[in-house]
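Visitor: There's a structure below that I have some questions on.
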Amino acid sequence: MITPLSSMLLVFGASIIGSLAAVLLKAGADLLHDPWQRWAPRLGGGIALFLASSVLYVMGLREGSLTVLYPMVSLGYVWTLVWSRLFFGEPFNRGKVAGLMLVLVGVFFIGLGNR
Amino acid sequence: MLESDTIASLPIPVAEALEAAPEVQQDPLSRHTSLRSIGLVLLCTVIGAAAQIFLRYGAEHLTGAGIRGILTNWPLLAGYVCLGINTLLLIVALRNGQLSVLYPIIALTYVWVTILSPIFFGDTVNIYKIAGVFFIVLGVSLIGAGSRS
Chain A
1 MITPLSSMLL
11 VFGASIIGSL
21 AAVLLKAGAD
31 LLHDPWQRWA
41 PRLGGGIALF
51 LASSVLYVMG
61 LREGSLTVLY
71 PMVSLGYVWT
81 LVWSRLFFGE
91 PFNRGKVAGL
101 MLVLVGVFFI
111 GLGNR
Chain B
1001 MLESDTIASL
1011 PIPVAEALEA
1021 APEVQQDPLS
1031 RHTSLRSIGL
1041 VLLCTVIGAA
1051 AQIFLRYGAE
1061 HLTGAGIRGI
1071 LTNWPLLAGY
1081 VCLGINTLLL
1091 IVALRNGQLS
1101 VLYPIIALTY
1111 VWVTILSPIF
1121 FGDTVNIYKI
1131 AGVFFIVLGV
1141 SLIGAGSRS
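Below you can see the structure in the form of structure tokens.
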């Protein structure tokens, strides 16, 4: 089955937007003890981006091969690892990187199994 | 599934402070990933899987057209409610933990959906799905274990 470029771009975009949603939720969650003016925009933005990414996923996954698209979905986990380091100073370590690689392999196999 | 009381009563975790890059200053509130947060995200994956099952069932049994079709379709509504609960739980979980530890755990949703779909929708089981479940469980365990050492 040929996977249209449009599907790949939609899923790729959704994976980036979804990972940024997680960043905003984390940023908001860390400020929950502050006045609502500080956390509300972040949590609201995070929820909005999550909704946007799920719409793009649904559009992207309608057509094309899951063997190609599922691994692209799981790219979101890679972006999130990068943002965690960049925005929150969370350390990389062997467990996280190796564990994430196993997760990506697993998602790839599930995509293969759902063809 | 762990009881939330049990999780809350466990000792504060010793986190990976030793592995932290020295130049990086961390928020002390979120440096450690508490067992409670890990438990909450695990709960998220179960509710997220339920959401996907509801949404798929609803989509396959869509009767009316447009908005009316969605608002009168209880499995679809249940699916959206689950997603809402999921987001709230995730926010609470992220308060006491690292995003890079907690977020990949969400991949377990694939595992529950892959196990439940043959039961609810008669999907086939094949060697690829079994391998996928195996690798995801292994990967998530590794990330979780790494956050506790």
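Sequences listed follow chains A and B, in order.
Counting from 1, position 18 in the first sequence corresponds to residue 18 in my numbering; the numbering is continuous, with no gaps.
If you want my numbering, it's the 1-based position in the second sequence plus 1000.
Even for Gly, the Cβ is constructed at its ideal location relative to N, Cα and C.
(1) Within 8 Å (strictly less), CB to CB, does Phe-1090 (chain B) reach chain A?
(2) By DSSP, does Asp-30 (chain A) sit in helix, in strand, or in coil?
(3) I need the straight-line Cα distance from Ile-1095 (chain B) to Ser-1037 (chain B), nearest angstrom please.
(4) To the nearest angstrom, how far is the alpha carbon of Ser-84 (chain A) from that of Ala-1065 (chain B)?
(5) How many angstroms separate the CA atom of Leu-51 (chain A) from the CA atom of Leu-24 (chain A)?
(6) Once the 5 residues before and after Pro-91 (chain A) are set aside, which same chain residues still bring their CB inside 7 Å of it?
(7) Between which two residues does the alpha helix (DSSP H) harbouring Pro-4 (chain A) extend?
(8) How would you list, in chain order, the residues of chain A whose beta-carbon sits under 9 Å from the beta-carbon of Thr-1114 (chain B)?
(9) Chain B beta carbons: is any one of them nearer than 8 Å to that of Glu-90 (chain A)?
(10) Secondary structure at Arg-62 (chain A), three-state DSSP: helix, strand or coil?
(11) Under the rule that 16 or more other beta-carbon atoms within 10 Å means buried, what is Gln-37 (chain A), buried or exposed?
(12) Ignoring anything shorter than 4 residues, give me the alpha helix (DSSP H) runs that lie fully in the region 1088 to 1135 of chain B, in order along the chain.
(13) Determine the burial state of His-33 (chain A): buried for a count of at least 16 other Cβ atoms within 10 Å of its Cβ, exposed for fewer.
(14) What number of angstroms, rounded off, separates the C-alpha of Tyr-1128 (chain B) from the C-alpha of Thr-1063 (chain B)?
(15) Count the other CB atoms, across all protein chains shown, that sit within 10 Å of the CB of Met-72 (chain A); report buried if there are 16 or more and exposed otherwise.
(16) What is the rounded straight-line gap between the Cα of Ser-1141 (chain B) and the Cα of Tyr-1080 (chain B)?
(17) By how many angstroms is the C-alpha of Ala-1093 (chain B) removed from the C-alpha of Val-105 (chain A)?
(18) Can you tell me where the alpha helix (DSSP H) with Ser-1034 (chain B) in it begins and where it stops?
(19) Determine, for Ser-15 (chain A), whether the minimum Cβ-Cβ distance to residues of chain B falls below 8 Å.
(20) Please report whether the beta-carbon of Leu-1138 (chain B) lies at a distance below 8 Å from any beta-carbon of chain A.
(21) Return no unless some Cβ of chain A is closer than 8 Å to the Cβ of Leu-1099 (chain B).
(22) Are the region 1111 to 1128 of chain B and the region 89 to 103 of chain A touching by the rule of at least three beta carbon pairs closer than 8 Å?
(23) Between A:Leu-56, A:Leu-5, A:Leu-112 and A:Leu-75, which lies nearest to Thr-67 (chain A) when the distance is taken from Cα to Cα?
(24) Looking only at C-alpha atoms, which of B:Leu-1042, B:Leu-1076, B:Leu-1138 and B:Val-1041 sits nearest to Val-97 (chain A)?
Guide: On the basis of the supplied data:
(1) As a first step, residue 1090 (chain B) is located in the second sequence; it is residue number 90 there, counting from the start. The sequence shown places Leu at residue 1090 (chain B), not Phe. Answer yes: the Cβ-Cβ gap between Leu-1090 (chain B) and chain A drops below 8 Å somewhere.
(2) In the first sequence, counting from the first residue as 1, residue 30 (chain A) sits at position 30. Residue state, collapsed to three classes: helix.
(3) Working through the second sequence from its first residue, we reach residue 1095 (chain B) at position 95. Working through the second sequence from its first residue, we reach residue 1037 (chain B) at position 37. Rather than Ile, the amino acid found at residue 1095 (chain B) in this sequence is Arg. When rounded, the distance between both Cα atoms is 8 Å.
(4) Locating residue 84 (chain A) in the first sequence gives position 84, where the first residue counts as 1. Locating residue 1065 (chain B) in the second sequence gives position 65, where the first residue counts as 1. Between the alpha carbons of Ser-84 (chain A) and Ala-1065 (chain B) lies a distance of about 42 Å.
(5) For the purposes of this step, residue 51 (chain A) is taken as residue 51 along the first sequence, with counting starting at 1. For the purposes of this step, residue 24 (chain A) is taken as residue 24 along the first sequence, with counting starting at 1. Roughly 13 Å between the two C-alpha positions.
(6) As a position in the first sequence, residue 91 (chain A) is number 91, starting the count at 1. Result list for Pro-91 (chain A): empty, nothing under 7 Å.
(7) The sequence position of residue 4 (chain A) within the first sequence is 4, counting from 1. Taken as a continuous stretch (DSSP letters only), Pro-4 (chain A) belongs to no alpha helix (DSSP H), as it is neither H nor E.
(8) Taking the first residue of the second sequence as position 1, residue 1114 (chain B) is located at position 114. Correct list: Ile-110, Gly-113 and Asn-114.
(9) In the first sequence, counting from the first residue as 1, residue 90 (chain A) sits at position 90. Yes, contact with chain B.
(10) Here the question's residue 62 (chain A) lines up with position 62 in the first sequence. Correct three-state label for Arg-62 (chain A): coil.
(11) The residue labelled residue 37 (chain A) in the question sits at position 37 within the first sequence. It counts as exposed.
(12) 1099 to 1105 and 1108 to 1121
(13) Start at 1 with the first residue of the first sequence, and residue 33 (chain A) comes out as number 33. Exposed, by the Cβ-count rule.
(14) On the second sequence, residue 1128 (chain B) is found 128 positions in, with the first residue counted as 1. On the second sequence, residue 1063 (chain B) is found 63 positions in, with the first residue counted as 1. Near 34 Å, if we compare the C-alpha coordinates of Thr-1063 (chain B) and Tyr-1128 (chain B).
(15) Sequence index remark: in the first sequence, residue 72 (chain A) carries index 72 (1-based). Burial call: buried.
(16) Position 141 of the second sequence holds residue 1141 (chain B). Position 80 of the second sequence holds residue 1080 (chain B). Going from the Cα of Ser-1141 (chain B) to the Cα of Tyr-1080 (chain B) covers about 28 Å.
(17) Position 105 of the first sequence, counting from 1, holds the residue named residue 105 (chain A). Position 93 of the second sequence, counting from 1, holds the residue named residue 1093 (chain B). Each residue's alpha carbon lies about 26 Å from the other.
(18) By one-based count along the second sequence, residue 1034 (chain B) stands at place 34. Unbroken run through Ser-1034 (chain B): none, as it is neither H nor E.
(19) Position 15 of the first sequence holds residue 15 (chain A). False, the Cβ-Cβ gap to chain B never drops below 8 Å.
(20) Position 138 of the second sequence, counted from the start, is the residue given in the question as residue 1138 (chain B). For Leu-1138 (chain B), the nearest CB of chain A lies under 8 Å from its own CB, placing it at the interface with that chain.
(21) Here residue 1099 (chain B) corresponds to residue number 99 of the second sequence, with the count starting at 1. Interface residue, yes.
(22) Segments in contact, no.
(23) Counting from one through the first sequence, the residue named residue 67 (chain A) turns up at place 67. When only C-alpha atoms are compared, the closest one is A:Leu-112.
(24) By 1-based counting over the first sequence, the position of residue 97 (chain A) is 97. Measuring from the Cα of Val-97 (chain A), the nearest candidate turns out to be B:Leu-1138.
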